[in-house]
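Here the structure is laid out as structure tokens; the discussion comes afterwards.
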Amino acid sequence: MNILITSNDSYPQYMGGDKRVAITLAKEWTQCGHNVFFLCYSPSLLRKSEVDGIEQLFFPDNNHLFSDRNLSFFRKTIMERKVQIVLHQHPKVPEFNRMCFSLNTSAKLVSVVHFDIAHEEKVLARSFFVKMRNGRNIKRWVIDGFLYVKYLLFAKRKLYNELVRLYTDIYEHSDCVALLSSSYIDSFINYVPYATKRKLLSLNNPVKSINYLPTIPKEKIVLWVGRLGYDTKRLDYMLKIWMEINKSHPDWKLKILGSGDWNYWKRIIAQYHIKNADVVGFCNPTEYYAKASILCMTSVAEGWGMVLVEAQQYGCVPMAYRSYAALDDIIVDGENGYSVKAFDQNDYVNKLRRLMDDVDLRRRMAMRGIESVKRFDVDKIAATWIAHFESIL
441 MNILITSNDS YPQYMGGDKR VAITLAKEWT QCGHNVFFLC YSPSLLRKSE VDGIEQLFFP
501 DNNHLFSDRN LSFFRKTIME RKVQIVLHQH PKVPEFNRMC FSLNTSAKLV SVVHFDIAHE
561 EKVLARSFFV KMRNGRNIKR WVIDGFLYVK YLLFAKRKLY NELVRLYTDI YEHSDCVALL
621 SSSYIDSFIN YVPYATKRKL LSLNNPVKSI NYLPTIPKEK IVLWVGRLGY DTKRLDYMLK
681 IWMEINKSHP DWKLKILGSG DWNYWKRIIA QYHIKNADVV GFCNPTEYYA KASILCMTSV
741 AEGWGMVLVE AQQYGCVPMA YRSYAALDDI IVDGENGYSV KAFDQNDYVN KLRRLMDDVD
801 LRRRMAMRGI ESVKRFDVDK IAATWIAHFE SIL
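What follows is the structure, encoded as structure tokens:
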């Protein structure tokens with residue numbers, strides 16, 4: 441089977457979760473005898489002809505994604521390489537949608553929704569009155585008040601209508617739509633009432649299996665991994681939790697990993713006198729998963745939450761707010777991690793303290809996590825994808 445995977449790399453030096461997942465699948469499909477390659481749009485000059493052994497082509501016009509030149513190149517590539525499946529990875533990028541929806545070729549278009557169906561609504565709803573961001577800036581609090589009223593009166597409905605149009609467009613122009621969990625199917629149908637489950641796939645993100653057994657005691661380290669900001673990942677929530685935790689557990693350390701304005705967050709940590717919190721920055725988190733005891737996620741919304749699964753592979757016990765439906769696919773509360781009532785800081789602090797205080801509990805949860813994550817082995821997930829592709833050809 442010939443499979444083309446679209447890629448939108450604005451910052452190719454930072455490989456996001458979507459691209460990591462696509463590469464994991466592409467490598468598995470290639471090993472199974474399929475022909476897989478990326479077609480990438482990138483305004484950056486940091487271009488590689490292959491990524492992890494998978495061929496990568498680039499659109500010729502790197503100034504405008506949706507252009508006659510790029511569309512012609514897209515169609516020509518599909519015809520010359522006899523592409524059967526176009527895996528459209530970026531249905532939230534309007535120009536990529538216009539490109540994919542204008543192909544009119546024999547290839548089947550599979551659009552992958554890598555996010556919580558209600559992602560924007562959740563993020564916007566919790567974007568007001570952020571204490572760490574606003575500080576003592578009265579003007580900022582007043583502006584937030586006006587924006588919140590505007591949100592209640594107009595923006596909330598407007599955003600919902602925009603998402604209805606987006607998901608309707610994706611559904612109507614795709615041969616099938618892939619969601620990250622079966623728990624998102626009803627949510628999608630909420631926006632597109634006539635959508636049929638026959639055209640909606642649910643496929644969890646895969647991980648490459650590793651042989652890891654924790655043979656040494658884990659260190660007293662809590663990890664937070666994600667984009668540093670106030671939007672989706674909500675590092676400020678983690679810092680507020682840590683301010684409480686550090687009072688009772690001064691021998692533990694918080695390591696913050698990810699891309700973003702590191703200096704800004706270092707200033708916030710200093711301003712609020714938050715102890716034992718270290719902004720590591722952007723790096724490969726694997727070595728930290730291996731030595732850390734606990735991983736905390738404080739996101740407002742997620743599509744899947746790859747860091748939770750990656751942490752479980754290394755016996756690092758995950759915790760997360762129950763702010764998105766797919767979390768239940770990963771964490772069984774109290775068994776292989778903790779699922780915390782959405783945005784209940786006290787509940788989060790109490791469960792985190794319980795984990796910190798009980799070495800045996802952490803060890804049991806870690807071992808269960810290592811076992812449960814095998815459900816997402818790439819060989820199983822990749823084979824399911826191929827079966828779905830074959831069903832629409």
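So the sequence shown is numbered by the working numbering: it starts at 441 and just counts up by one. All C-beta atoms, glycine included, are put in the ideal place defined by N, C-alpha and C. Since the structure is predicted, the reported quantities are computational estimates derived from the model, not experimental observations.
7 Å Cβ shell around residue i - same chain, five flanking residues per side excluded
i    : result
V632 : Y607, T608, Y611
W825 : L465, L643
D458 : Q529, H554
Y728 : L663, K695, L697
R487 : F498
Chain-order list of residues whose beta-carbon lies under 8 Å from that of residue i (same chain, five-residue window excluded)
i    : result
I832 : K548, V550, D615, C616
W692 : K660, I661, V662, I685, N686, N716, M796
M572 : Y670, D676, L679, K680, I708, Y712
S688 : R793
CB-CB length for residue i against residue j, believed under 8 Å
i    : j    : result
E535 : F506 : 4 Å
L564 : L603 : At roughly 11 Å, the Cβ-Cβ gap does not stay under 8 Å, so L564 and L603 are not in contact.
L527 : T446 : 7 Å
S812 : N790 : So it is not a contact: roughly 23 Å between Cβ atoms.
Identity of the residue in the options nearest residue i by Cα
i    : options                : result
Y591 : F568, I578, S621, H613 : F568
V665 : L748, D584, K658, M683 : L748
D773 : F594, P758, K596, N786 : P758
E830 : V461, I494, I525, A710 : I525
G743 : W705, S627, I518       : S627
K639 : V780, V552, L801, G493 : V552
D769 : Y624, A822, K673, R597 : Y624
M441 : V476, R674, V461, L801 : V476
D492 : R815, C736, F816, V461 : V461
K562 : S763, K706, F816       : S763
F478 : A823, C472, E490       : E490
F783 : R674, L641, R538       : R674
Residues sharing a beta bridge with residue i, DSSP
i    : result
I681 : DSSP lists no partner for I681.
S779 : A760
D433 : This structure cannot settle anything about residue 433, because the visible part of the chain is limited to 441 through 833.
T841 : The structure shown does not extend to residue 841, since the chain is modelled only from 441 to 833, so the question has no answer here.
S507 : Answer by DSSP bridge pairing: none, since S507 is not bridged.
Cβ shell of residue i (< 6 Å), same chain only, five flanking positions each side left out
i    : result
V842 : The structure shown does not extend to residue 842, since the chain is modelled only from 441 through 833, so no value can be given for it.
P483 : N502
Y481 : N448, F499, L505
C-beta neighbour in chain C for residue i, strict 8 Å
i    : result
V570 : As a matter of chain content, chain C is missing from the structure shown, which is built from one protein chain.
Residue i CB to nearest heavy atom of the ligand COA below 7 Å
i    : result
D556 : Inclusion of the ligand COA in the displayed structure is not the case, the ligand content being empty and no account of it being possible.
*Considering only residues of the stretch 694-780, which uninterrupted alpha helix (DSSP H) runs meet the minimum length of 4 residues and lie entirely inside it, listed in chain order?*
DSSP runs (the alpha helix (DSSP H)) wholly in the stretch 694-780: 702-711, 726-731, 746-753, 767-770.
*Only counting runs of 4 or more residues, tell me where the alpha helix (DSSP H) segments fall wholly within the stretch 542-566, in order along the chain.*
559-565
*What residue ranges within the stretch 460-496 form continuous beta strand (DSSP E) runs of no fewer than 3 residues, ordered along the chain?*
475-481
*asked:* For a minimum of 4 consecutive residues, which ranges assigned as the alpha helix (DSSP H) are wholly contained in the stretch 579-653?
replied: 596-613, 625-631
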